[in-house]
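*Asks:*
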Amino acid sequence: MTLMDVLIEPIAIKLNYWTWTDNTVPFSNYLAWFIIAMLMQLILTNKLENEKNKVAITLLITQVVFFCLLFFPEF
Numbered sequence: 001m002t003l004m005d006v007l008i009e010p011i012a013i014k015l016n017y018w019t020w021t022d023n024t025v026p027f028s029n030y031l032a033w034f035i036i037a038m039l040m041q042l043i044l045t046n047k048l049e050n051e052k053n054k055v056a057i058t059l060l061i062t063q064v065v066f067f068c069l070l071f072f073p074e075f
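So, in structure tokens, the structure goes:
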């Protein structure tokens, strides 16, 4: 989740979805995402230990490709 945020932040700033002071994303943003993601992972792993999400990897790859294409518009 934190790595997705690293990928999304510059694009969101560029597209004026949100802004940061001096267009610099503070470390606390990434730290917060890491902590939230870790807590969610711990909770959901225990609650859903026998569940399998069949579309998770496809969704992740689709999102990464989408944001990479936005990041590198010359492709």
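Note that the sequence shown covers residues 1 to 75 in my numbering.
Every residue gets a Cβ at the ideal spot worked out from N, C-alpha and C, and that includes glycine.
Note that this is a predicted model, so its numbers are computed, not measured.
Which residue comes first and which comes last in the alpha helix (DSSP H) that contains Phe66?
*Replies:* Taken as a continuous stretch (DSSP letters only), the alpha helix (DSSP H) holding Phe66 covers 56-71.
*Asks:* Starting from the Cα of Leu31, find the closest Cα among Asn53, Met1, Ala56 and give me that residue.
*Replies:* The candidate whose alpha carbon is nearest that of Leu31 is Met1.
*Asks:* Return the chain-ordered ranges of every alpha helix (DSSP H) run that is complete within the segment 10-51 and spans a minimum of 4 residues.
*Replies:* For the segment 10-51, whole alpha helix (DSSP H) runs of length 4 or above, ordered along the chain, are 27-47.
*Asks:* For Glu49, count the other beta carbons within 10 Å of its own beta carbon; 16 or more makes it buried, fewer makes it exposed. Which is it?
*Replies:* Answer is exposed; the Cβ neighbour count stays below 16.
*Asks:* Would you call the CB atoms of Pro10 and Phe66 closer than 8 angstroms?
*Replies:* No, Cβ-Cβ distance for Pro10 and Phe66 is not below 8 angstroms.
*Asks:* Quick one, are the C-beta atoms of Val64 and Leu7 less than 8 angstroms apart?
*Replies:* Going by C-beta atoms, Val64 is nearer than 8 angstroms to Leu7.
*Asks:* Quick one: what does DSSP say Met4 is sitting in, helix, strand or coil?
*Replies:* Here Met4 sits in helix by DSSP.
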